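Report on one structure; see the data block that follows.
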Amino acid sequence: MKVALLGLLQSGKSTIFASLSGKAIPPIGSTAIEEAIVTVPDERLDWLTEYYKPKKTTYATIDCLDLPGFNFTDEHGRTAARRLINQIRTSDCFVLVVRAFENSAVPPYRNSIDPARDLAELQTELLLADLELVATRIERLEKQVHKPTKTQAQDKAELALHKKLQQTIETEAPISSAIETDAEREMIKSLGFLTLKPIVVAVNVGEEQLDTKFDFAKRVDASVPVITICAKLEFELAQLDADSRAEFMADLGITESAASKFAGSCYSARRAISFLTVVSNELRAWPIKQGTVALDAAGKVHTDIKRGFIRAETMAFDDLKELGSEKEVKAAGKIRLEGKDYVVQDGDIINFRFNV
Ligand SMILES: Nc1nc2c(ncn2[C@@H]2O[C@H](COP(=O)(O)OP(=O)(O)OP(=O)(O)O)[C@@H](O)[C@H]2O)c(=O)[nH]1
Ligand SMILES: [Mg+2]
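As numbered in this note's numbering, residues 13 to 368 make up the sequence shown, in order.
Here it is in structure tokens:
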């Protein structure tokens, strides 16, 4: 999963990026996109590592991009932002970072701190970039549909779809709200529309705002995860060893790490879950889309396993944890032999039986 951190100037993206990845904070004003692999924390893997004592435990990871801040207040900034935006069309998810923290040393964007306004501005700019793309596409297709080519019928369908998308954007709604069928989604997949991507809103708060609730209901629908992170504090926490970190978090009343909030919200926005395997002494989490069937899950692990799929021997992590051992889970009749159409559930521990 590839996730891009986007936001207006100095909203704290790089500080969040550094606390998630353990890297140094890229300098303010940097114009390069930074990239890092972020480990997805998973308490189930922690528990299973104690239980199975495998040689190796492999957590899922997220490929995280830190973008330079956008500045739409002048022409030069808009051009730079547009260029950056075009480089993230292949991301799977956007985390929109908005500033709520007070810091007199950091001048606020448009001279005031207003996370809802900043979120609206970011969304509008993403919509405008999509509108431009739709308009270009319509122009091209309008010329093309008159030609009696092999793709004429398809071009007509695509043109109709783009006109619908154009209308949607003009009402300031994201493209995702206009897509009704898989066929429509397929037709525009390669274009990388920005407002088709799942988003997470990350509010960068000050230490005194950790319990503040932010309501963006006017801007985003209820399915969009909203998380609060105190970037500065998280960066300081990331410098500590695990024990001191846990102690400080408890003192501050922080119950969930930034990495866990970040990964959890990206999974939720993407409707992703994980299943788990223990194969040749390696315990591993595999991210998949909700609704993935056992046969396709097998293919994630290895194409041979998919090809020679016989059964998915499955138990739920929660059952193993509750009952304490595989033996007990088996005695309780909770190890299932699932077929290839079984819809894999979050936390399933699967042993694929296959034959090649
Ligand atoms: N008080 C406070 N300051 C913060 C917080 N997060 C970031 N800052 C400060 O805000 C400034 C900008 O932080 P960065 O993480 O570089 O922000 P950015 O969004 O990456 O900035 P650009 O990439 O230049 O747009 C730095 O001086 C940070 O120390 C926070 O949670 N609290
Ligand atoms: Mg930065």
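For glycine and all other residues, C-beta sits at the position ideal for the given N, C-alpha and C.
Predicted model only: the values in this text are computed from it and were never measured.
Review point. Got a sec: does ligand 1 put a non-hydrogen atom nearer than 7 angstroms to the Cβ of residue 242?
Key: Stepping through the sequence shown from its first residue, residue 242 is reached at position 230. Under cutoff, so the answer is yes.
Check your understanding: Is the number of C-beta pairs between the segment 264-272 and the segment 320-335 that are closer than 8 angstroms three or more?
Key -> Not touching, per the Cβ criterion.
Review point. To which residues of the same chain is residue 45 closer than 6 angstroms at the C-beta, ignoring the five residues directly before and after it?
Key: Working through the sequence shown from its first residue, we reach residue 45 at position 33. These residues qualify, in order along the chain: 77 and 79.
**Study point:** Own chain, CB closer than 7 angstroms to residue 142, minus 5 neighbours either side, in chain order
**Key:** Against the sequence shown, residue 142 aligns to sequence position 130. Its chain contains 181, 187, 205, 206 and 207 as the residues whose beta carbon lies nearer than 7 angstroms to that of residue 142, once the 5 sequence neighbours on both sides are disregarded; these appear in chain order.
Exercise for review: Report buried or exposed for residue 123, applying the criterion of at least 16 other Cβ atoms within 10 angstroms of its Cβ.
Suggested key: As a working note, residue 123 is residue 111 in the sequence shown. Burial check for residue 123: the Cβ neighbour count within 10 Å stays below 16, so the residue is exposed.
Review point. Going along the chain, which residues put their C-beta within less than 7 angstroms of some heavy atom in ligand 2?
Key: Counting every residue whose Cβ lies closer than 7 angstroms to a heavy atom of ligand 2, we get 25, 26, 38, 40, 42, 78, 80 and 81.
Point to revise | Cross-strand partners of residue 232 (DSSP beta bridge) | key: To locate residue 232, count along the sequence shown from 1; it is residue 220. Its beta-bridge partners do not exist; DSSP assigns none.
Exercise for review: Using beta-carbon positions only, say whether residue 306 and residue 298 come within less than 8 angstroms of one another.
Suggested key: Mapped onto the sequence shown, residue 306 falls at position 294. Mapped onto the sequence shown, residue 298 falls at position 286. For the pair residue 306 and residue 298, the CB atoms are not nearer than the 8 angstroms cut-off.
Review point. In angstroms, rounded to a whole number, what distance separates the CA positions of residue 68 and residue 258?
Key: On the sequence shown, position 56 is the one that residue 68 refers to. On the sequence shown, position 246 is the one that residue 258 refers to. Approximately 24 angstroms, taken between the alpha carbons.
Check your understanding: Along the chain, where does the alpha helix (DSSP H) that runs through residue 67 open and close?
Key -> For the purposes of this step, residue 67 is identified with residue 55 of the sequence shown, where counting begins at 1. Segment: none, residue 67 is in no alpha helix (DSSP H) and carries neither H nor E.
Check your understanding: Within the 8 angstroms Cβ cut-off, does residue 67 reach chain C?
Key -> Of the protein chains in the structure, only one exists, and it is not chain C.
**Study point:** residue 33, enclosing alpha helix (DSSP H) - first and last residue
**Key:** Within the sequence shown, residue 33 is the residue found at index 21, counting from 1. Taken as a continuous stretch (DSSP letters only), the alpha helix (DSSP H) holding residue 33 covers 25-33.
Review point. Quick one: complete beta strand (DSSP E) runs, 3+ long, within the segment 75-133?
Key: Entirely contained in the segment 75-133, the beta strand (DSSP E) runs reaching 3 residues are, in chain order, 105-111.
Check your understanding: Sorted by chain position, which residues of the same chain lie with C-beta nearer than 7 angstroms to residue 243's C-beta, five sequence neighbours on each side aside?
Key -> As a position in the sequence shown, residue 243 is number 231, starting the count at 1. Residues of the same chain with a CB within less than 7 angstroms of the CB of residue 243, apart from the 5 flanking positions on each side, are 24, 27, 28, 31 and 216 in chain order.
Practice item. On a CA-only basis, which of 131, 321 and 144 is nearest residue 229? Give me that one, please. Key: Here residue 229 corresponds to residue number 217 of the sequence shown, with the count starting at 1. When each option's Cα is compared against that of residue 229, the closest is 131.
Point to revise | Chain-order list of residues whose beta-carbon lies under 7 angstroms from that of residue 153 (same chain, five-residue window excluded) | key: The residue labelled residue 153 in the question sits at position 141 within the sequence shown. In chain order, 167, 170, 171 and 174 place their CB closer than 7 angstroms to the CB of residue 153, counting only its own chain and leaving out the 5 sequence neighbours on each side.
Exercise for review: Count the other CB atoms, across all protein chains shown, that sit within 10 Å of the CB of residue 134; report buried if there are 16 or more and exposed otherwise.
Suggested key: For this step, residue 134 is matched to residue 122 along the sequence shown. With 16 or more Cβ atoms within 10 Å of its Cβ, residue 134 is classed as buried.
Exercise for review: Using alpha carbons as the reference points, say which of 18, 232 and 285 lies closest to residue 360.
Suggested key: By one-based count along the sequence shown, residue 360 stands at place 348. Nearest option by C-alpha distance: 285.
Practice item. Compute the minimum distance between the beta carbon of residue 23 and the heavy atoms of ligand 1, and state whether it is under 7 angstroms. Key: Stepping through the sequence shown from its first residue, residue 23 is reached at position 11. Under cutoff, so the answer is yes.
Practice item. Compare the beta carbon distance of residue 37 and residue 52 with 8 angstroms and say whether it is the shorter of the two. Key: Taking the sequence shown and counting its residues from 1, the one referred to as residue 37 is at position 25. Taking the sequence shown and counting its residues from 1, the one referred to as residue 52 is at position 40. The answer is no: Cβ separation not under 8 angstroms.
Check your understanding: Of all the beta strand (DSSP E) runs that stay within the bounds of the segment 228-278, which reach a length of 3 or more residues?
Key -> Within the segment 228-278, complete beta strand (DSSP E) segments of at least 3 residues are found at 238-241, given in chain order.
Exercise for review: Starting from the C-beta of residue 317, find all residues in its chain whose C-beta is less than 6 angstroms away, skip the five residues before and the five after it, and write them out in chain order.
Suggested key: Against the sequence shown, residue 317 aligns to sequence position 305. Taken in chain order, the residues that qualify are 310, 364 and 366.
Practice item. Assign residue 362 to one of two classes, buried (16 or more other C-beta atoms within 10 Å of its C-beta) or exposed (fewer than that). Key: For this step, residue 362 is matched to residue 350 along the sequence shown. Residue burial is scored here from C-beta neighbours: residue 362 has at least 16 other C-beta atoms within 10 angstroms and is therefore classed as buried.
Practice item. Assess, as a yes-or-no matter, whether the segment 191-200 is touched by the segment 87-97 under the definition of 3 or more beta carbon pairs within less than 8 angstroms. Key: These segments do not touch.
Review point. What residue range is occupied by the uninterrupted alpha helix (DSSP H) comprising residue 341?
Key: Taking the sequence shown and counting its residues from 1, one reaches residue 341 at position 329. Going by DSSP, residue 341 is part of the alpha helix (DSSP H) stretching over 338-343.
Review point. Where does the unbroken alpha helix (DSSP H) through residue 309 begin, and where does it stop?
Key: The sequence position of residue 309 within the sequence shown is 297, counting from 1. DSSP places residue 309 in the uninterrupted alpha helix (DSSP H) bounded by 306-313.
Review point. Rounded C-beta distance between residue 221 and residue 112? I'm assuming under 8 angstroms.
Key: If you number the sequence shown from 1, residue 221 lands on position 209. If you number the sequence shown from 1, residue 112 lands on position 100. That pair is a contact at about 6 angstroms.
Review point. Whose C-alpha, out of 150, 247, 368 and 34, is nearest the C-alpha of residue 320?
Key: Along the sequence shown, one-based indexing puts residue 320 at 308. Ranking 150, 247, 368 and 34 by Cα distance to residue 320 puts 368 first.
Practice item. Tell me whether residue 39 is buried or exposed, calling it buried when 16 or more other Cβ atoms sit within 10 Å of its Cβ. Key: What you label residue 39 is simply residue 27 of the sequence shown in a count that begins at 1. Classification of residue 39: exposed, given that the 10 Å Cβ count is below 16.
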